[in-house]
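The sequence shown finishes on residue 258 if you use the working numbering, and the numbering steps up by one all the way, no holes.
Note that CB positions come from ideal geometry on N, CA and C, so glycine has one too.
Remember, predicted model here, so these are calculated numbers, not experimental data.
Structure, as structure tokens:
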Amino acid sequence: MYHASQEFLDDLVDLSESLLDFLNIRLLTPKAAKDGAVFALRAVPDQKRLGQRFRKEKSKVEAALASMSHERLEEFDKTGSMVVEGHVLTKEDVSLVRECRKSAVVTDTATWEAAEDAALGLLVVVNVAPSEALVLEGHSREVQNRVQRLRKKAGLLVTEQRPVTVYWRLDDNNDAAKAADAAPVRRAIVAHLETLAKKTNTCLVEGLVPNGAHPLATNDLEAPADGADEGATKERLRMLKKREVNGVPLLLALVLGE
């Protein structure tokens, strides 16, 4: 994040932990941006007023304004007047807008994306290049969502004291393509197993439910009844899609006391 004010950047640092969690980002780097380097002032002439005042010399005045430096416009912003091509201009003749020079910061648009708030003088640059770690973290968040949804289906509260186990398996249906899609999801669960257990208050175990155990809830879907209408069929397809992670069905079964 780029901003000219060090006080603003210090406030970002104070809030960084909350921002990282809220925005789901891994690292926040505040950077001081010298005013004029990232954000610069641009003069916008009042065309009608300049035409009435300068007539034939209007184009010369406009050309001078277009090439005017940020520093001179900053001085004009403070004093309220300046001399251009021998003519005194005031804020009735010229207004100022603050623009972001993203190209001064972002040169690799395949890796970085930028968004600015010119009025606030803030430029945010985000690294959008996917990495293995980020992909796995994304899959783990989806798994977390599916587990929490199953706990809700089972009617469990966050305060549930009994041990909760969710047995999971990825149904690739012996399809090579789906098996390839399932591999990173499995790696994500294994790599983030401790975090998943902590955030869902659930023990995750790969495999089928043991004999004798009775699932309180599963995300299995019953086959459509004979003669099911189109609406019911579409709803089932939607629910099937919602249990997928990376295009592979994640089958879950929740057991209490395991």
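Among the options, the one whose alpha carbon lies nearest that of residue i
| i | options | result |
| --- | --- | --- |
| residue 153 | 166, 43, 103 | 166 |
| residue 193 | 141, 39, 180 | 141 |
| residue 93 | 202, 47, 242 | 47 |
| residue 204 | 161, 108, 148 | 148 |
| residue 39 | 58, 19, 50, 74 | 74 |
| residue 49 | 197, 90, 210, 34 | 90 |
| residue 37 | 24, 202, 102 | 102 |
| residue 70 | 54, 99, 87, 158 | 99 |
| residue 177 | 25, 145, 246, 43 | 246 |
| residue 172 | 130, 248, 19 | 248 |
| residue 128 | 26, 241, 21 | 26 |
| residue 53 | 67, 80, 24, 86 | 86 |
| residue 110 | 130, 120, 118 | 130 |
| residue 160 | 104, 256, 212, 208 | 256 |
Residue interval of the alpha helix (DSSP H) (run including residue i)
| i | result |
| --- | --- |
| residue 79 | 70 to 79 |
| residue 200 | 193 to 200 |
| residue 150 | 132 to 153 |
| residue 18 | 6 to 23 |
| residue 61 | 58 to 66 |
Endpoints, the beta strand (DSSP E) within which residue i is located
| i | result |
| --- | --- |
| residue 40 | 39 to 45 |
| residue 166 | 164 to 170 |
| residue 98 | 94 to 100 |
| residue 85 | Where residue 85 is concerned, there is no enclosing beta strand (DSSP E), given that its DSSP letter is neither H nor E. |
| residue 249 | 248 to 256 |
| residue 115 | 112 to 117 |
| residue 219 | Unbroken run through residue 219: none, as it is neither H nor E. |
| residue 127 | 122 to 127 |
| residue 204 | 203 to 206 |
Spatial neighbours of residue i in its chain, beta-carbon cut-off 8 angstroms, leaving aside the 5 residues before and after
| i | result |
| --- | --- |
| residue 1 | 9, 12, 28, 29, 30, 31, 122, 123, 124, 125 |
| residue 77 | 41, 96 |
| residue 34 | 4 |
| residue 158 | 201 |
| residue 19 | 12, 25, 28 |
| residue 119 | 98 |
Presumed contact (8 angstroms Cβ cut-off) between residue i and residue j, rounded CB distance
| i | j | result |
| --- | --- | --- |
| residue 143 | residue 250 | 7 angstroms |
| residue 136 | residue 184 | 6 angstroms |
| residue 252 | residue 218 | 6 angstroms |
| residue 146 | residue 202 | Not really, about 11 angstroms apart at Cβ, beyond 8 angstroms. |
Own chain, CB closer than 7 angstroms to residue i, minus 5 neighbours either side, in chain order
| i | result |
| --- | --- |
| residue 84 | 61, 64, 65 |
| residue 14 | none |
| residue 106 | 112, 114, 125 |
Same chain only: Cβ atoms within 6 angstroms of residue i, ignoring 5 sequence neighbours per side
| i | result |
| --- | --- |
| residue 58 | 50, 51 |
| residue 169 | 251 |
| residue 259 | Only positions 1 to 258 of the chain appear in this structure, which leaves residue 259 out of reach. |
| residue 21 | none |
Closer than 8 angstroms to chain C by CB, residue i
| i | result |
| --- | --- |
| residue 2 | Included in the structure is just one protein chain, with no chain C present. |
Mind the definition here: the region 108 to 117 touches the region 157 to 166 only if three or more C-beta pairs lie below 8 angstroms; say whether that holds. No, the region 108 to 117 is not in contact with the region 157 to 166.
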